[in-house]
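What follows is a set of notes on a single structure, which appears directly below.
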Amino acid sequence: MMTDIEIAQSAKMLPIVDVAKKVGLSEDDIELYGKYKAKVSLDVLKKNNKDGKLILVTAINPTPAGEGKSTVTIGLGQALCKMQKNAVIALREPSLGPVFGVKGGAAGGGYAQVVPMEDINLHFTGDMHAITTANNLLSAAIDNHIHQGNSLKIDSRKILFKRVLDMNDRALRKVIVGLGGTANGFTREDGFTITVASEIMAILCLSNDLMDLKERFGNILVAYNTDGEPVYCKDLKVNGAMAMLMKDAIKPNLVQTLDNTPAIIHGGPFANIAHGCNSILATKMALKLGDYAITEAGFGADLGAEKFFDIKCRYGSLNPSAVVLVATIRALKHHGGVKKENLNISNVEALSKGIENLEKQIENVQKFGVPVVVAINKFITDSNEEVEFIKDFCNKKGVEVSLTEVWEKGADGGLDLAEKIVKTIEESESNFKVLYDEKLSVKEKIETIAKEIYGADGVEFVPAVKKQIAQIEKIGADKLPICVAKTQNSLSDNGSLLGRPRGFKITVKEVRLSNGAGFIVALTGNIMTMPGLPKVPAAEKIDIREDGVIEGLF
């Protein structure tokens, strides 16, 4: 079989103007970025169209390689369109760090991809660069303010805002800035995070319009002064300039799938260190343009879906109609104790152990009152016996299940899933509700997520966290949703605890306020906000020919 990039390069793309026409967009509604990409005007959101049905695609806890959630999202959209349904896909933008690292991009795979795949996985329409620049403008303003007299009395030991780069570069995690004498400012410790972990990215994805974006930028907590009082971005008076840099990036991007299904791709915060969803604007646009809007949330339902419901739906007033929960036999065997090199060998016994992870994630989705359909994302090594085992398990749980083969067969491989999700929406009412009241205390909200979603017995807070929470309460920012940063590999905060762990507590090591984004980050485990490259990075396999054709990109 051809590689992903070979399949993508052989696709017959329509001019993006024609894709736009499919969903009622005129040439005045879009701004072209070449022949096959476009920005969509936010004025489209003012159309009087009735909103479509919102479908969230989430998953069980994956293996470290990921298990095809984006592929299923795209394949489902393709299948719905093949059924003559008006469907629009809303996805996250890939980060260059994983593209050149180990995890890969976010454009799907096989015969369920968005195209032009190379552009989407690389510079796309420049959104990541705009986010990086806006972030680093604020960082430069902080150091410049101190250098120019520091009228705000910023305590250089209590600067919270970091610089960013959209690349995996471990050497930048901890740096010293201002070396070289007085002309270069004051020497202080600093650090970089990857762009997708920036609060600027989170703000982009949770803003409802450009002025909301600017106001949220102004509310970013950047530091404390020598009197212990908070210093915000608006105190440095650069939030307007930052918003100006984002005037194009705030507009969602329109592309297409291999079979020309419209896809909106916009925003891409990581789900293990941020809230893991594409922008509210992109999702609302998909709802305006399609009868069915299919979107995804990062990693497993314990991370992405919980944050989608408790953060994104809360701020966007979104009401999901159904959830597709992606599971792979490989991942479930992994949770049953099978080593990576043996995942392709049929093993129903291991599957019977690992399936507890699927069971818990089904329960997690049901806690939010939304009907769920399980999608078995089929790999060619899966045995019929293993497939039937999962089907029987879901049937006993009273949950609809579909064998999905979109990677291999494209839209045809997703027709059964599409039919079942449409039937579920028509026959099962969604009674969506968030998990907790944001007015609860910070500790109560974290404990609710840990106990209800992760299955923990409780939460341990290290002593420093208690002071951090007290500081957040002091400035009146404690009534915000919680964004837990933890490993994606386990329901717990320990990546080695597979399946459905029991009898554990999670440990919160740090609490940070993302005041502009509007949530409180609770960090557990060892979460790297600036990843490193692996021993053999994917970048070593990527190349470009004399004729401009890219090779080795998945």
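Going by our numbering, the sequence shown opens with residue 562, and the numbers climb by one from there. Every residue gets a Cβ at the ideal spot worked out from N, C-alpha and C, and that includes glycine. None of these values were measured; they are calculated from a predicted model.
- In the DSSP assignment, Val962 is bridged to Val935.
- Of the other Cβ atoms in all chains shown, 16 or more fall within 10 Å of the Cβ of Thr1048; this residue is therefore buried.
- In this structure the segment 790-802 does not touch the segment 861-868; the number of beta carbon pairs closer than 8 Å is below three.
- In the DSSP assignment, Asp716 falls within the unbroken beta strand (DSSP E) covering Ile715 to Ile720.
- By the C-beta criterion, the segment 960-970 is judged to be in contact with the segment 928-941, since at least 3 inter-stretch pairs fall below 8 Å.
- Annotated three-state conformation of Leu886 is strand, per DSSP.
- In this model, Met846 and Val1110 are separated by some 33 Å (Cα to Cα).
- Burial state of Ile1105 is exposed, judged by a 10 Å Cβ sphere holding fewer than 16 other Cβ atoms.
- DSSP places Arg1073 inside the beta strand (DSSP E), whose first and last residues are Lys1066 to Ser1075.
- Distance from Val887 to Glu628 at the Cβ level is roughly 7 Å; contact confirmed, criterion being Cβ atoms closer than 8 Å.
- In this structure, Ala810 and Asp688 form a Cβ contact; the two beta carbons are roughly 4 Å apart against a cut-off of 8 Å.
- Taking the Cα positions, Gly1037 is about 35 Å away from Val618.
- The criterion of a C-beta distance shorter than 8 Å is not satisfied by Ala702 and Leu806.
- Comparing alpha carbon positions, the residue from Ala620, Pro625 and Lys643 closest to Thr632 is Ala620.
- Gly669 is bridged by DSSP to Gln674.
- Pairing Asn647 with Lys849 gives a Cβ-Cβ distance that is not under 8 Å.
- In the structure shown, Thr619 adopts extended strand secondary structure according to DSSP, grouped into three states.
- Phe722 is not a Cβ neighbour of Leu740, given a cutoff of 8 Å.
- A direct Cα-Cα distance of roughly 13 Å separates Phe1065 from Ser1057.
- Less than 8 Å divides the Cβ of Thr1085 from the Cβ of Ile1067.
- From the listed residues Gly971, Tyr876 and Ala911, the smallest Cα separation to Tyr672 is found for Gly971.
- Around the beta-carbon of Gln709, fewer than 16 other beta-carbon atoms lie within 10 Å, marking it exposed.
- Taking 8 Å as the cut-off, the beta carbon of Asn839 is found closer than this to the beta carbon of Thr856.
- Per DSSP, reduced to three states, the secondary structure at Tyr785 is strand.
- For Leu637, the enclosing alpha helix (DSSP H) stretches over residues Lys630 to Lys643.
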